[in-house]
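So the sequence lines, in the order shown, correspond to chains A and B.
For reference, each letter of the first sequence is one residue, going 1 to 279 in our numbering.
For reference, each letter of the second sequence is one residue, going 1 to 196 in our numbering.
Quick reminder that beta carbons are idealized off the backbone N, C-alpha and C, glycines included.
One structure is given here, and the rest of the page talks about it.
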Amino acid sequence: MNTFDEIIQTKAYRDLTPDELSIVRELVSSEQEFNEMKAFYTEIGQLSVSTREEVSSSVKSSLNAVFRAKHPGIQQHWSTPALEEKKVAPLYNRSWFRIAAIFVISAGIATIWFATREEHFPSKKESVQLAKMEQTAHKTDQKEEDNTTSLKTKKQFPVNEVTSRKYTASSTISKNQSAEDLSPLNSLAAPITYLETDKENTYFLLEKQESTTLSANSPGLSSMLRAEKKSDELSGYFAKAGMDADLNPTGNKESFGRKEVKTPDISTNDLLSLIEPSF
Amino acid sequence: MRVIRKEYDQMTDEQLVIAMAGGDQRAFDKLYGRYSSALLSYFMRMLWRDREKSEDFVHDFFTKLIHRPELFDTTRSFKTWMYSVASNMCKNEYKKQEIRKNTSNGLDHTYAVSDASKNTESEVHHALFKEAYNYQITQLEYKHREVFEMRHFDGLSIKEIAEALEISEGTIKSRLFYATKYLAQGLKEYQPEHTK
Chain A
1 MNTFDEIIQT KAYRDLTPDE LSIVRELVSS EQEFNEMKAF YTEIGQLSVS
51 TREEVSSSVK SSLNAVFRAK HPGIQQHWST PALEEKKVAP LYNRSWFRIA
101 AIFVISAGIA TIWFATREEH FPSKKESVQL AKMEQTAHKT DQKEEDNTTS
151 LKTKKQFPVN EVTSRKYTAS STISKNQSAE DLSPLNSLAA PITYLETDKE
201 NTYFLLEKQE STTLSANSPG LSSMLRAEKK SDELSGYFAK AGMDADLNPT
251 GNKESFGRKE VKTPDISTND LLSLIEPSF
Chain B
1 MRVIRKEYDQ MTDEQLVIAM AGGDQRAFDK LYGRYSSALL SYFMRMLWRD
51 REKSEDFVHD FFTKLIHRPE LFDTTRSFKT WMYSVASNMC KNEYKKQEIR
101 KNTSNGLDHT YAVSDASKNT ESEVHHALFK EAYNYQITQL EYKHREVFEM
151 RHFDGLSIKE IAEALEISEG TIKSRLFYAT KYLAQGLKEY QPEHTK
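Here you go:
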């Protein structure tokens with residue numbers, strides 16, 4: 001019907017297309033009827049404009065009273081926004097997220113701190129063992145140092161009263177004494193003490209310490225092993241040093257420290273038997 | 001104030017109803033200003049041009065809207081919904097009273113009788129046509145009259161009329177065709193060409 005209304009109001013009968021003519025012929029059969037219908041639409045259009053009515057003000061006043069009775073306390077000058085955007089708080093502004101983040105960070109820091117603390121500071125038990133081993137290692141190192149210094153001064157040198165020392169020696173060898181006066185010493189397993197005796201004659205003996213129980217994990221182990229190795233080497237030297245001393249009264253310094261020492265054809269047991277302990 | 005007025009001007013009819021339901025007086029004023037005249041004209045045409053009754057019907061319609069805004073389905077067009085309610089109100093009124101086909105002459109008493117000595121020829125012709133139309137329209141059945149006046153006087157499209165009356169567009173077209181043909185034939189004598 002919209003199409004019919006548009007055709008009737010805008011076009012003349014002679015200007016109609018075949019399609020438009022077929023639509024118009026639903027209501028009109030000739031050009032005369034088409035023109036009469038066109039006049040009718042014009043009159044109806046004018047009539048619709050002239051029949052516009054305005055509502056009296058009393059109706060509006062009454063409706064205002066009804067509205068105020070329905071919605072009391074609402075000020076007329078307030079305007080309601082059409083849309084209210086719901087504000088969504090970001091995740092980092094929420095309290096539960098902040099609390100959880102603080103907890104996680106604290107746990108991480110505590111874990112890292114405790115882990116590093118154990119690395120730098122071992123447990124008490126381990127620390128006690130370490131202390132003991134360090135003590136023994138220190139003693140060994142100290143003795144090693146003493147022996148090192150004593151070995152350096154292996155050769156005979158005159159001893160004055162200041163430097164003279166008195167030891168309770170397990171065995172001493174005097175320069176003037178012959179090998180027959182000496183009592184035999186034990187084997188390498190026995191501790192052999194090198195002492196500085198009288199004023200004229202000085203012989204130094206190395207005391208070998210037995211390496212017994214040492215923990216493999218102690219840090220002083222390496223130093224002790226070195227010391228033990230050294231002592232083994234030195235004991236080897238010194239076992240024969242007595243013999244060298246007998247056979248080499250001048251105390252050839254160069255002979256000390258060499259791994260391969262020329263030994264005489266005399267057996268050790270024969271000589272040891274000659275050495276008599278002083279006590 | 002301009003900002004507020006502009007906001008209400010840009011709001012749709014549905015948004016105004018929602019705001020009004022929330023207690024916004026200005027939204028109600030805006031909605032009333034948009035549709036009060038059209039509604040009154042409709043009632044005037046449908047209720048024998050009884051102005052007092054027509055204003056009462058306008059007051060009843062907006063009162064119902066204030067008290068029960070939930071009756072309006074926001075998914076529908078407010079304009080079609082308003083005409084649907086107005087049509088039902090008129091049907092109920094017709095049921096209460098007898099349809100007076102044999103009224104004096106169907107003339108509207110509020111229409112002033114044109115004084116030929118003062119008015120021009122066109123104005124006289126127009127007044128006569130109006131009177132004839134008012135008579136002819138009362139001769140039509142209510143269903144044809146309603147469709148015709150909603151199309152030509154209220155400015156609704158075929159689709160909007162079908163939605164308001166909850167009938168098919170084909171039925172609307174056929175009713176409209178019949179009413180147009182009947183009125184055109186009945187008012188043929190009052191055409192300007194014929195009155196000359």
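The three-state secondary structure of Asp50 (chain B), taken from DSSP, is coil. In this structure the stretch 167–176 of chain B does not lie against the stretch 53–70 of chain A, because fewer than three pairs of beta carbons, one per stretch, are closer than 8 Å. Excluding residues up to 5 positions away in sequence, Arg145 lie with their Cβ nearer than 6 Å to the Cβ of Ile137 (chain B) in the same chain.
If you draw a straight line from the Cα of Tyr142 (chain B) to the Cα of Met44 (chain B), it is about 14 Å long. Rounded to whole angstroms, the Cβ separation of His152 (chain B) and Ser48 (chain A) is 6 Å, and the two are in contact under 8 Å. No Cβ of chain B is located within less than 8 Å of the beta carbon of Arg25 (chain A). Annotation note: the stretch 11–75 of chain A contains no uninterrupted beta strand (DSSP E) run of length 3 or greater.
Judged by DSSP in its simplified three-state form, Gln142 (chain A) adopts helix. Contact check for Lys91 (chain B) and Glu160 (chain B): beta-carbon distance about 19 Å, past the 8 Å limit, so the pair fails to qualify. In this model, Arg98 (chain A) and Pro90 (chain A) are separated by some 12 Å (Cα to Cα). For Phe67 (chain A), the closest Cβ of chain B is nearer than 8 Å. Contact between the stretch 55–62 of chain B and the stretch 9–26 of chain B is not established, with fewer than three Cβ pairs separated by less than 8 Å.
Ser56 (chain A) reaches chain B at Glu55, counting residues in chain order whose Cβ is nearer than 8 Å.
Not one beta carbon of chain A lies nearer than 8 Å to the beta carbon of Gln139 (chain B). DSSP places Met11 (chain B) outside both helix and strand once states are collapsed to three, so it counts as coil.
Beyond the five residues adjoining it in sequence on each side, Lys30 (chain B) comes within less than 7 Å, by CB distance, of Tyr8, Leu16 in the same chain, given in chain order. Residue environment analysis places Val88 (chain A) among the exposed positions, since fewer than 16 neighbouring C-beta atoms fall within 10 angstroms of its C-beta. For Ser36 (chain B), the CB contacts under 8 Å within the same chain, skipping 5 residues up- and downstream, are Val58, Phe62 in chain order. DSSP places Gly155 (chain B) in the coil class of the three-state scheme, outside both helix and strand. For Ala184 (chain B), the C-beta contacts it makes with chain A under 7 Å involve Glu36, Met37, Phe40, in order along the chain.
For Leu40 (chain B), a Cβ of chain A is located within less than 8 Å of the residue's own Cβ. Taking a 10 Å sphere around the C-beta of Thr136 (chain A), we find 16 or more other C-beta atoms and assign the residue as buried.
According to the DSSP assignment, Gly170 (chain B) belongs to the alpha helix (DSSP H) that extends over 169–186. Shortest Cα-Cα distance from Gly33 (chain B) to any of A:Glu54, A:His138, A:Ile105, A:Ile8 involves A:Glu54. Annotation for Met11 (chain B): Ala19, Ala27, Lys30 place their beta carbon closer than 8 Å to its own, counting only its chain and skipping 5 residues before and after.
By the 16-neighbour rule on beta-carbons within 10 angstroms, Ser29 (chain A) is exposed. Along the stretch 52–79 of chain B, going in chain order, the ones with a CB nearer than 8 Å to a CB of chain A are Ser54, Glu55, Val58, His59, Phe62, Thr63, Ile66, His67. DSSP, reduced to helix, strand and coil, places Arg117 (chain A) within a helical segment of the structure shown.
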